[in-house]
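A.B. asks: First the structure, then my questions, so here it is.
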Amino acid sequence: SRGAAFASFIENAPPAISCLKSNLETLELTHTAQLLTQPAQRSLLKLIEQDVCFDIIYIDPPYGTPLTEKTLHQIDNSSLFHPHTRIFLEESQNFEDKLDKIELEHIHCTQIRKYGDTKLFEFRQISH
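Residue numbers (the numbering used here): 33 to 160.
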């Protein structure tokens, strides 16, 4: 979110919500950010209804849960991205094995970076 004109945060864990609110207030960024505190799928629907399109999407779900695949599918079938959007997914190293089995129509993984026990997957729109 550093340097962004506007940022949307999706978080439903109370301690993280409190931390995000505090940081936004401390940094005087409450006017350039929105904090959605419903579950991820419901929050993504709200962003789709707002007709929001992002340059960067960063997904950091709890590792190894069905939420990762659900979120990827929901973004893949949405208007939240444009041809130049970079979508990043932070997941465990084990997720790479599951990635081949996930059928996405509009985005695909273009790069995988390893950081300790974590991998960062970068997705881009499929060019036709």
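Virtual Cβ for every residue (Gly too), placed ideally from N, Cα, C.
Treat the numbers as computed from the prediction; the structure is a model and nothing was measured.
(1) Is it buried or exposed for Ser111, if we count other Cβ within 10 angstroms and need 16 for buried?
(2) Note down, in chain order, each residue of its chain lying with its Cβ closer than 7 Å to the Cβ of Tyr95, except the 5 sequence neighbours on either side.
(3) Answer with yes or no whether the minimum CB distance from Val84 to chain D is below 8 Å.
(4) One question on the structure: do Ala72 and Ile49 come within less than 8 Å of each other, judged by their Cβ atoms?
(5) With DSSP collapsed to three states, give me the class of Asp87.
(6) Assuming Arg118 and Ile139 are in contact, meaning their beta carbons sit under 8 Å apart, how far apart are those beta carbons, in whole angstroms?
(7) With DSSP as the reference, identify every bridge partner of Phe41, one or two as the case may be.
(8) Locate the alpha helix (DSSP H) running through Gln73, then write down its first and last residues.
(9) Which residues in the same chain as Phe86 place their Cβ atom closer than 7 Å to its Cβ, once the five residues preceding and following it in sequence are excluded?
(10) Here's the rule I'm using: 16 or more other beta-carbon atoms within 10 Å means buried, otherwise exposed. How should Leu104 be labelled?
(11) Among residues of its own chain, excluding the 5 on either side of Gln106, which ones have a beta-carbon nearer than 7 Å to its beta-carbon?
C.D. replies: In this structure, then:
(1) Under this definition Ser111 is an exposed residue.
(2) Glu123 and Ser124
(3) In the structure shown, chain D does not exist; there is a single protein chain.
(4) No, these two residues do not count as a Cβ contact at 8 Å.
(5) strand
(6) Not really, about 10 Å apart at Cβ, beyond 8 Å.
(7) Leu67
(8) Ala72 to Glu81
(9) Leu112, Phe113 and Thr117
(10) buried
(11) Gln73 and Leu76
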